Amino acid sequence: MSELTAGGSTRAERGSNALLFFRRWLANPLQMGSVIPSSPALCRRIAALVERRPDEVVVELGAGTGVVSRALLAAGVPAEKLVVVEIVPEMADHLRDSLPGVQVVCGDAFALPDALPERLHGKVGTAICGIPLVLLPLEQQRRFVTAVERVAPGRGFLLYTYCVTSPLPYRALGLTARREAWTPLNFPPASVWRYRPAAG
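Read in order, the letters of the sequence shown correspond to residues 0 to 199 in numbering that gives the first Met the number 0.
In structure tokens form, the structure reads like this:
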């Protein structure tokens, strides 16, 4: 019998995930942002911060190998209410195989209105970002914020990051910022920030 970990995956699956993640990191370090997937502790913290009405979906941007996705499912997000967006075709295929019932979109988070089915526009309860936005220029960050706002007006997004202070210049982006979680057990230690459109 396979030994299950706290996140609901087997140790063999976690090893396979880490290998796939590392290969993609070698291919494009800036796209991945980290050399290893997020820890179970960080994934649980992210899942606990999800806000969603019954008719809304959770959208995960930059899902990688799906470690956060599995934590969302374990925390009670129904598979049919989870949409993951992954730009790397190999990883999107992996997610389709490993996350039955979850809608996997191979697309660009920076063009989210085009990637996400129109029926879901305005039905996004929480958008979760695993993309290393801190490494991008302001105009690219602004493009991301605009893309999320078009499908989730007024809702903002969660961003997990290795920065203790805000990784985004939120005032310049017209956002408010709040650090919702700090996970020293992650390697490296990580924070979860919630950004929302600033009033007025």
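All C-beta atoms in this analysis are idealised placements derived from N, C-alpha and C, irrespective of residue type, glycine included.
Quantities reported herein were computed from a predicted structural model and do not represent experimental measurements.
Inter-residue CB distance, residue i and residue j (contact presumed, cutoff 8 Å)
i: alanine 197; j: threonine 160; result: The Cβ separation is near 20 Å, so there is no contact.
i: arginine 127; j: valine 57; result: The sequence given here has isoleucine at residue 127, not arginine. 7 Å between Cβ atoms; contact.
i: leucine 71; j: valine 49; result: 7 Å
i: arginine 95; j: threonine 182; result: Not really, about 28 Å apart at Cβ, beyond 8 Å.
i: alanine 74; j: alanine 46; result: 4 Å
i: leucine 184; j: serine 68; result: At roughly 20 Å, the Cβ-Cβ gap does not stay under 8 Å, so leucine 184 and serine 68 are not in contact.
Residue i versus residue j - alpha carbon distance
i: alanine 179; j: valine 147; result: Per the sequence presented here, residue 179 reads as glutamate, with alanine not at that position. Each residue's Cα considered, the two are about 19 Å apart.
i: valine 144; j: glutamate 59; result: 14 Å
i: valine 150; j: arginine 195; result: 13 Å
i: valine 87; j: leucine 81; result: 18 Å
i: glutamine 140; j: glycine 129; result: 13 Å
i: glycine 155; j: threonine 125; result: 8 Å
i: valine 66; j: alanine 171; result: 31 Å
i: leucine 134; j: arginine 51; result: 29 Å
Residue from the options whose Cα sits closest to the Cα of residue i
i: glycine 153; options: Arg193, Pro136 and Leu184; result: Arg193
i: leucine 174; options: Leu158, Pro187, Thr182 and Trp181; result: Leu158
i: proline 136; options: Phe156, Pro166 and Arg177; result: Pro166
i: glycine 61; options: Ala91, Ala171 and Leu184; result: Ala91
i: arginine 177; options: Pro168, Asn185, Leu184 and His93; result: Pro168
i: aspartate 107; options: Arg142, Val76, Val133 and Trp181; result: Arg142
i: proline 53; options: Val76, Glu89 and Pro131; result: Val76
i: threonine 64; options: Leu132, Arg51 and His93; result: His93
Min CB distance residue i to chain B below 8 Å
i: tryptophan 192; result: In the displayed structure, chain B is absent; only one protein chain is listed.
Checklist entry - On the three-pair Cβ rule with 8 Å, is the segment 111-120 touching the segment 161-169? => result no
Item to check | Contained beta strand (DSSP E) runs [length at least 3] in the segment 92-144, N- to C-terminal order | outcome: 102-104 and 123-128
Next on the checklist: With three or more C-beta pairs closer than 8 Å as the rule, is the segment 88-100 touching the segment 109-118?
Outcome noted: no
Next on the checklist: What ranges does the alpha helix (DSSP H) occupy inside the segment 39-66, keeping only unbroken runs of at least 4 residues that lie completely in it?
Outcome noted: 39-47
Item to check | Segments of 4+ residues assigned as alpha helix (DSSP H) that fall wholly inside the segment 143-196 | outcome: Taking 4 residues as the minimum length, the segment 143-196 contains no alpha helix (DSSP H) run wholly inside it.
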